[in-house]
Each structure stands twice: as C-alpha cells, then as structure tokens.
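Line by line, the protein sequences are chains A and B.
Take the first sequence: its letter number 193 is residue 193 in my numbering, and every next letter is one higher.
Take the second sequence: its letter number 151 is residue 1151 in my numbering, and every next letter is one higher.
The beta carbon of each residue, even a glycine, is placed where N, CA and C say it ideally should be.
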Amino acid sequence: MNMKTDSRQQLIPPMQKCVKAGFVVYAPDSEERCIVILNDGELEAREKDSPHKTVFTMHPGDLVGVASLLEREPFKYQLVASRDSSVTLITEECMESELTRLPLWLLAVIRSFGSKTRDFKQASLVSSVQDSLRSLAEFLSLKESRKELHLQELLLEYSLLSRLKGTEIIQCFKGLARRHFIEIVHVKNEDGSTTDCCKIPDTRLLETFVDYLGARSRDQMYPPYSLNRVQRRIVDFLARHSSTAPMEGVNWVKYLGQNIPEATLSDWLILRNIGCFRDCNDGTAAIHMNTLAKTYMALRFETNIKGVL
Amino acid sequence: MQLRAEDILCREGEFSNSLFIVKSGLLEGTSLQGNQKKTYGPGSILGEFSLVENAPSTETISALQDSEVQVIDGENLKETLSREPTWVHSILTFLSRRARIAEEDFRTQKKIKALPALLYLLANLSASRSGGKIRLSTIASRMDNLVNLEESLVRELLSVLEELDILKMQGEDIQVRNSKVIELLYQSILYRATRKEASPNILSITEQMVLTAVIKSIQESSEPLQNGNFVITTPRLVATARKTTHGMTLTMRNVLPLLEKKILLSRAIEQPALTTPLESIHSFYGEFDRILDLMELNRIYPLLDKKLIQK
C-alpha cells in the first residue's frame, strides 16, 4: 500500500450490485476477497459443503469479509441472496484506494483494532502463567511433605491448572529438584517395575521460595535478605527458642541482649516489622511461628532459594 | 498536548471520547482491575475504543516523564468520517466491536481455565483452616502465584461459586460451606480432563433418584447413625423409593451401579450381580455424609459451565 499516494482521482469506487434470490454473492473458493455490505434484502451465509446449512442471516446494514480482506483470515461461508437484494462490494483495490485517503491517525486506529484482536486471540491459546517456577512451587506447596507423590499424576494435574506445555513443566520440576526443594525418587512396585515419584522434604520451603520470587517480581527486596548479620543471628536463636512466652518489647530486647550481646532495640523492631513477632493486644508481643519459620528457612537455604548452587 | 511527569492524561472510568498518540516521552497505564502496569512510548496509541464507541477509559494514564501527546477527539473523527463513504464508518465500528468481542472471549476463557486452580486452592486452604474461612487477599495472592489471574477475575469466579451456594463472601473473608464438596468438584474436573471421561462421582439421574430415596429413608428413620454410617433394610428402601419417585420400582439394575462404585454397600453373602434378586439382600449401608456431598456435587456440576459463560 503506497501511503504517499494522495489522489482523489485514483479512488476506485465500490461495486453496487442488485441480485435476485438464489444468487451466490460470494463463494469461498473465489480468488478475489471483498467486503460485502447488504443495503437491502437478505443474505444467508451457508456452509460450502452439502447440505449447505445456514450459519447466519444478514440483514440490511450488516457486513462481512472485513477480517478476510484486511487480515487475510479465511472466510469459509458461501453468501447467497435469500431474497432479491442490493449489495455493495468493496474489493481489495477499492479498499486500498480508500485507505490512502484516510488520515494516518485513522489508519493507526484501524491497525490497532486488528492487532488487538489478534493479540487477544493469540493470548487465549497460551497459558497465562508468567513465572512457571513460582507457579509450580505454589502448586506443590499445598501437597503433603515427605509423601511419595506419583510424578505422572502430578504432571497431569499441574498441566490442567497451569495449561503449560509438558516440556516446560518438566524443566520446572528439574529446576525445583536442582534447588533441592523436591526429590525425584524411583519407587519399586510389587511387580518389580519402578514408578517415578516426587517427594517434597518440607512444603514450607516451597512457600518461602514463592514469597521470594513474588518479591523479586515486584522489584522489592525479600525481607529476610535485608537482615544484617546480627538480625540473622537473632532469627537463628529464636528458631531454636520458639516456645519463649510472650513479653513486652522492652523485655524482648533485654532477653535478646542477654543471649546475643550485639542485639539492640532497632534489631528487634526490624524483626517485628517483617512479621517475626505479633502483637498479643495486651501490650506483649509473641513470636509469629509461621513467619519466623519461613524467615529462618529463607536464611538457611539462601543459596538454594537464590539458585546459586 | 504537552504533559509534565506525573500529569494525568485520563482517568479510569471517565469518558474522554479521545484518541491519544504518544509523540515523545513515556506514559503509564494502571487499572484497578489488575495489578499490571503498562507503559506507552512514542508511536503508541491509546483510547481507540473511547474514540470510536465513546466508551469509558479502561486505564488511568499518567506521564512517567515529560511527554508530548497528539489528541484526536470525537469531533475530529466525525468530521473525517463525514468526508468518507458511509461504509468506512461501518468497517471501523465492526473492527472495534470485533476487538471488544475478542477481549471478552479472552477474559471468559481465562476465567474458565483458572477455575480448577481456584478450586484446588479453596479445597486445600479451607480444609486446613478451622471453620473453612479464608481471606480474600490470601486467595488473590495465591491465584496470582499459581496462574497470574488478576483480582477482578478471581472475584468474578468466587461470585460464580457463591451463586452456586458453594461459599459465601463476607467482606474480605470467604466462608467455604463444605470443603469436601469443593474437593469432589475439583477431583471430578481433574478426572474429566485427564481421563477424558466423566468421573464416577458424576451420577446418572437413576443413581441420583436411588440416593434421594436413601437420604429420605435415613431422615425418616429413628435409628441413629453409627459413626456417620447408616444401615437401611431393603424393603424400607424399596418402599421409600416408590414414594419419592412416584411409583418407581427399585430393581437391581438401579442399585448395582452404586454398589459397583462403592457408594452403597450391601449386606449380601455373595458379590451382587445384575441377576441377583434385590430381595436377597437384607440391607444396605454406607457413609451418610458422603452421599449428601455427592448429591451436592451432582447439583452443582451441571450448572457450572453455564454459570461461567453467563458471568
């Protein structure tokens, strides 16, 4: 299409046609593509093969063939006049000559509608999962720890949930196995054959990994990895003394100071801010077991989580 | 139009009836419907639906840096189209409508595909929480991890499940009515997807009629359940079936599929077969809650697809 051509003289007008009932206005095998606008009468779009079932009926003002002409999508129906009708046919040449007259912004709008339609259709065919490793880790984090799970069944189940391709799913299983978040084991059956199974040592590790990947996707620092050396020592200490009874903040600082001399009020506040402590609504604070466990695991398995093994 | 960094070009939901073409700079689009941000650089066009259909803006567009934007408003479009043949307008409207339909189809597809993931999360999370209560934020965040479904679509899916009486939305909490039914529903969908056939838990009309008679018999019986298990004598079941089904005569043909699926168990000396006379079986027994859950599953299952498409 020559966009620089700007001549009203070159405009090829659309073809006006009056057709009798039964006339085939457009046949799918036709070499020429065109847009058909029904001005008056009635057209039927029929299947091209016998028994030529009617797919839809066109009424005055309706048009067909836009996608076929502008985007080369096949138009697979036969258009037959079911009553005496009057139609406008816009051929490729006519459309091209008209498009050259339109302002560029309007051409951009037409193109944008076309590309949006294509993008939506394309997107409907692919999985919506953006981070397959995070998705698989989330899926597996809800399974049971230390149980031998039939690998093939897991693959099928996850495939239904994620709609990812089998090869990509296998790569993700390998990715998690490489980080030692899961183990692939061969279980011997009674008949001597073996079955591949997936074993998850601790599902909380997968939850931690999901949290880490989530923070990374939001360009945020994953809180456990923002802790300094002293704060990490406190987490390690608390993980081994998690049954410590709730107490007031000042007493926590004192208690931590007795066990880790470098610990300060600021360290305790930072750990509280990342959720390792929860308020008990009576002026005291208690260890938040789940967050502490995840923080502890994040620090202990930092290299696995960051994938720098 | 010149924009300074952080200037807002249009707000989500407003009718601007304008097309914007980015000449220079960088704009950002954000929406309350999703947590993804889009950026628009030179050459990007925004607001085509707003211009052609006078539809409300789907995003709030702001400048990330000083930018220049060409604005084409509805009057420009009207004036341009008035100089062109009428079919140009028809084609433009057609293309815009087609893009809208493609977007709507995409959203519906996305929602339908995400349903198993939501059921998987609900079944697992509600079973592990006392009272079956889950925070909406928890589900939204986990759905984002699992299938990257935006919160607006998660809410739409949850409201489908609420209409089916599977759960109740209470502010920011989700109250699952029966986590076992969600688990059964998930397993039935998984079974159909992986084995390409209906799950044995999806019952025929006859099987459901027999189980309705079983439930009615138990409810009318004065005998208490033993550890949730019921026992019902064959004559009693036959009589109740006749009453609840307006005259249907219970035969071995009606009962056998339920025995084979082990939904009903029989006190028979030998393994029952089609030729076994029903009267030779003294009684039937089974787990009452399981039968109630299966009946609930069979109420929901046929409605699900229709509800998803309607929404």
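Using a Cβ-Cβ distance cut-off of 8 Å, the region 253–271 of chain A and the region 182–191 of chain A are not in contact, since fewer than three pairs of beta carbons, one from each stretch, lie closer than that value.
For Q130 (chain A), the nearest CB of chain B lies under 9 Å from its own CB, placing it at the interface with that chain. Excluding its 5 nearest sequence neighbours in each direction, K1038 (chain B) has C-beta neighbours in its own chain below 6 Å: G1029, listed in chain order. In its chain, beyond the 5 residues on either side, P1272, A1273 and L1274 have a beta carbon closer than 8 Å to the beta carbon of L1256 (chain B). It is roughly 57 Å from the alpha-carbon of H180 (chain A) to the alpha-carbon of L1250 (chain B). At a cut-off of 9 Å between C-beta atoms, W105 (chain A) counts as an interface residue with respect to chain B. In the DSSP secondary-structure assignment, D196 (chain A) is bridged to A:H186.
Residue state for L1095 (chain B) is assigned as helix, using DSSP reduced to three classes. Taken atom to atom, the span from the alpha-carbon of L1146 (chain B) to that of A1140 (chain B) is near 10 Å. Taking 8 Å as the cut-off between beta carbons, the residues of the region 1083–1094 of chain B near chain A are E1084, P1085, W1087, V1088, S1090, I1091, L1092 and F1094, in sequence order. Close CB contacts of E92 (chain A) within its chain, under the 8 Å cut and outside five residues either way in sequence, are with E32, R33, C34 and L69 (chain order). Annotation: the continuous alpha helix (DSSP H) that includes C172 (chain A) extends over G166 to R178.
By the neighbour-count criterion, in which a residue is buried when 16 or more other Cβ atoms sit within 10 angstroms of its Cβ, K116 (chain A) is buried.
Within a 10 Å sphere around the beta-carbon of K1180 (chain B) sit 16 or more other beta-carbons, which makes this residue buried.
DSSP places S86 (chain A) in the uninterrupted beta strand (DSSP E) bounded by S85 to T91. Boundaries of the beta strand (DSSP E) harbouring N39 (chain A): C34 to D40, taken from the DSSP string.
Think of a sphere of 8 Å around the beta carbon of I1072 (chain B): the chain A residues whose beta carbon falls inside it are W105, in chain order.
One finds F120, K121, A123 and S124 in chain A with Cβ atoms closer than 8 Å to the Cβ of F1106 (chain B), taken in chain order. Under a criterion of Cβ atoms nearer than 8 Å, the residues of chain B adjacent to F139 (chain A) are, in order, Y1120 and L1146.
Within chain A, the residues W105 and V109 have their CB atoms less than 8 Å from the CB of L1019 (chain B), given in chain order.
Just so you know, the alpha carbons of Y1191 (chain B) and N189 (chain A) end up roughly 24 Å apart.
Just measuring C-alpha positions, the residue of B:I1061, B:N1148, B:S1152 and B:Q1208 sitting nearest I1291 (chain B) is B:Q1208. In this structure, C1010 (chain B) sits away from G1041 (chain B), with a CB-CB distance that is not shorter than 9 Å.
The Cβ atoms of L1118 (chain B) and L1161 (chain B) sit closer than 9 Å to each other. Membership of Q1070 (chain B) in the beta strand (DSSP E) is indicated by the continuous run S1067 to D1073. Partner residues in a beta bridge of Y255 (chain A), as assigned by DSSP, do not exist. Contact between M297 (chain A) and T194 (chain A) is ruled out by a C-beta separation of about 31 Å, above the 8 Å threshold. M1169 (chain B) carries a strand assignment under DSSP once its states are collapsed to helix, strand and coil.
A67 (chain A) and R178 (chain A) have their C-alpha atoms roughly 48 Å apart.
Residue pairing by DSSP places C280 (chain A) in no beta bridge whatsoever. The Cβ-Cβ distance between R1236 (chain B) and S1222 (chain B) does not fall below 9 Å. Contacts with chain B (Cβ-Cβ distance below 8 Å) from the region 41–69 of chain A involve G61, L63, V66 and A67, listed in chain order.
In the structure shown, L1046 (chain B) falls within a strand segment according to DSSP collapsed to helix, strand and coil. When beta bridges are read from the DSSP output, F56 (chain A) appears opposite A:A45.
Linking E1084 (chain B) to D1105 (chain B) through their CA atoms gives a straight-line distance of about 32 Å.
One thing to note: N304 (chain A) has its Cβ no nearer than 9 Å to the Cβ of L142 (chain A).
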